């Protein structure tokens with residue numbers, strides 16, 4: 138199973154296929170000639186338990202890297218759906234992450250669109266903004282829309298239109314080496330709640346033990362964590378070149394100089410190395426981090442606990458979400474939306490999370506003891522801590538065109554400042570110009 142990946146690059150093929158797709162779709166975000174259930178007097182997705190014409194309906198359902206690991210789960214769930222929806226057959230197909238976007242664009246442009254597709258938030262929003270997906274607001278009831286965590290559901294909305302149903306997700310937690318924390322005179326039972334408090338803990342750890350607080354990768358998420366938008370609301374221009382950004386970067390520079398944060402652009406593999414070697418006391422990461430330290434440093438693993446991630450000035454946590462979308466050229470839009478809503482309802486999200494060890498995007502799911510009770514293991518602590526973060530979770534690079542190029546530009550700018558001593562304001566000016574140039578070329 139593949140988790141959400143940031144930085145989807147819009148290639149020349151994508152641009153060509155998108156233009157073909159838009160020509161096929163009409164670009165208005167709804168299916169021509171198909172009345173929505175709401176406008177037709179229906180009740181959202183609780184409509185059409187079979188084909189509206191009485192004819193059999195086949196729904197083509199695509200997922201990303203879930204076969205063969207979860208074949209039993211999905212085959213049983215699909216059989217359950219088909220038994221309660223006479224006349225509807227679901228054909229499930231699974232593709233690698235790197236293949237599904239191209240396959241979707243190709244099939245839709247050729248008139249053979251699938252009906253329900255698993256996409257990450259970024260690509261779903263990108264297609265939705267181009268009119269290639271159904272506006273699900275026309276099909277969902279208010280109750281259904283409100284069943285998802287607000288921040289995660291809002292990440293699927295552009296210009297007031299919802300283009301995806303949130304599915305499984307994940308958030309970061311704070312791992313801490315209790316041995317080092319206690320040596321610094323800190324109480325692991327009362328962990329830091331904010332980034333400011335985490336900095337103070339890191340400073341005390343460094344002063345008392347000589348170990349750094351944590352390692353940090355220099356990526357664009359550092360901006361939204363502190364409430365600094367990367368682009369303006371309509372995603373047409375850079376918005377990060379602000380005094381707040383200058384202050385955030387200057388603070389990071391000072392923390393690196395102090396030794397509170399390691400002076401390095403530390404990728405995930407390096408972060409594992411530093412935590413395993415007790416060169417840092419904290420790690421900001423998703424629960425998959427556990428698998429690595431358990432193997433590489435079993436003694437450190439035994440001394441590690443997981444707590445909710447401290448929040449920055451924006452008081453949010455970043456999620457990596459997968460979604461289900463309905464392409465505008467689906468031949469069975471009502472049945473497709475109904476099936477997508479079924480797959481992402483609280484009961485089925487809870488069941489999938491238990492099988493796949495993911496987090497659900499449904500608020501009701503989190504009430505299940507699976508997400509609230511811990512057996513004391515690090516894995517269970519991380520799961521509970523992640524679950525507690527969902528009420529503040531949001532996906533931060535939503536609908537950003539040429540996101541990989543923009544991420545790269547911001548990363549290079551941060552590297553120049555923090556690793557090479559470049560001037561903050563001059564560098565932000567240069568990166569702003571580069572990002573605006575990227576946006577103008579992609580428009």
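In my numbering, the protein residues as written are 138 to 580.
C-beta: ideal position from N, C-alpha, C; glycine also.
Keep in mind that this is a model prediction, so the values were computed, not measured.
Exposure of residue i, with buried meaning 16 or more beta-carbon neighbours within 10 Å
i: residue 506; result: exposed
i: residue 238; result: buried
i: residue 470; result: buried
i: residue 180; result: Legend: pLDDT at residue 180 = 33, less than 50; position of this residue unreliable, no value from coordinates given.
i: residue 353; result: buried
i: residue 578; result: exposed
i: residue 387; result: exposed
i: residue 217; result: exposed
i: residue 319; result: exposed
i: residue 236; result: exposed
i: residue 512; result: exposed
i: residue 558; result: exposed
i: residue 212; result: exposed
i: residue 380; result: exposed
i: residue 200; result: buried
i: residue 205; result: exposed
i: residue 249; result: exposed
i: residue 428; result: exposed
i: residue 258; result: buried
i: residue 266; result: buried
i: residue 539; result: buried
i: residue 370; result: exposed
Contact check, residue i vs residue j, beta carbons under 8 Å
i: residue 214; j: residue 440; result: no
i: residue 296; j: residue 459; result: no
i: residue 193; j: residue 226; result: yes
i: residue 639; j: residue 325; result: As displayed, the chain neither begins before 138 nor continues past 580, which places residue 639 out of reach and without an answer.
i: residue 260; j: residue 492; result: no
i: residue 567; j: residue 253; result: no
i: residue 565; j: residue 374; result: no
i: residue 274; j: residue 299; result: yes
i: residue 335; j: residue 447; result: yes
i: residue 476; j: residue 196; result: yes
i: residue 532; j: residue 422; result: no
i: residue 449; j: residue 362; result: yes
i: residue 210; j: residue 489; result: yes
i: residue 530; j: residue 290; result: no
i: residue 224; j: residue 453; result: no
i: residue 293; j: residue 247; result: no
i: residue 198; j: residue 219; result: no
i: residue 410; j: residue 420; result: no
i: residue 271; j: residue 264; result: no
i: residue 461; j: residue 487; result: no
i: residue 563; j: residue 378; result: no
Residue i (DSSP reduced to helix, strand or coil)
i: residue 354; result: coil
i: residue 573; result: helix
i: residue 583; result: Shown here, the chain extends from 138 to 580; a query on residue 583 therefore has no answer.
i: residue 443; result: strand
i: residue 398; result: strand
i: residue 514; result: coil
i: residue 463; result: coil
i: residue 167; result: No answer about residue 167 holds up, because its pLDDT of 39 lies below 50 and its placement is not dependable.
i: residue 193; result: coil
i: residue 374; result: coil
i: residue 256; result: strand
i: residue 487; result: helix
i: residue 309; result: coil
i: residue 205; result: coil
i: residue 245; result: helix
i: residue 455; result: strand
i: residue 270; result: strand
Spatial neighbours of residue i in its chain, beta-carbon cut-off 8 Å, leaving aside the 5 residues before and after
i: residue 424; result: 307, 310, 443, 494, 516, 519, 520, 523
i: residue 348; result: 317, 342, 415, 416, 417, 418
i: residue 574; result: none
i: residue 323; result: 338, 341, 342
Contact set for residue i: own chain, Cβ-Cβ below 7 Å, skip 5 residues either direction
i: residue 284; result: 483, 499, 500, 501
i: residue 647; result: Residue 647 falls outside the range modelled here, since the chain spans only 138 to 580, and no answer is possible.
i: residue 571; result: 546
i: residue 382; result: 360, 365, 565
i: residue 397; result: 336, 339, 340, 343, 349, 350
i: residue 527; result: 286, 308, 496, 503
6 Å CB neighbourhood of residue i in its chain, flanking five on each side removed
i: residue 321; result: 341, 342, 345, 346
i: residue 525; result: 445
i: residue 399; result: 349, 352
i: residue 176; result: The predicted model places residue 176 with a pLDDT of 36, which falls under 50 and marks its position as unreliable, so this point remains unresolved.
Any non-hydrogen atom of the ligand PLP within 7 Å of residue i CB
i: residue 210; result: Judged by which ligands are present, the structure shown has none, so any question about the ligand PLP falls away.
Mind pulling the alpha helix (DSSP H) runs of 4 or more residues that sit fully within the stretch 313 to 364? 315 to 320, 332 to 346, 359 to 362
Mind pulling the alpha helix (DSSP H) runs of 4 or more residues that sit fully within the stretch 391 to 436? 405 to 413, 426 to 433
Runs of alpha helix (DSSP H) wholly within the stretch 519 to 567 (minimum 4 residues, chain order): Runs of the alpha helix (DSSP H) spanning 4 or more residues and lying entirely within the stretch 519 to 567 occur at 540 to 555, in chain order.
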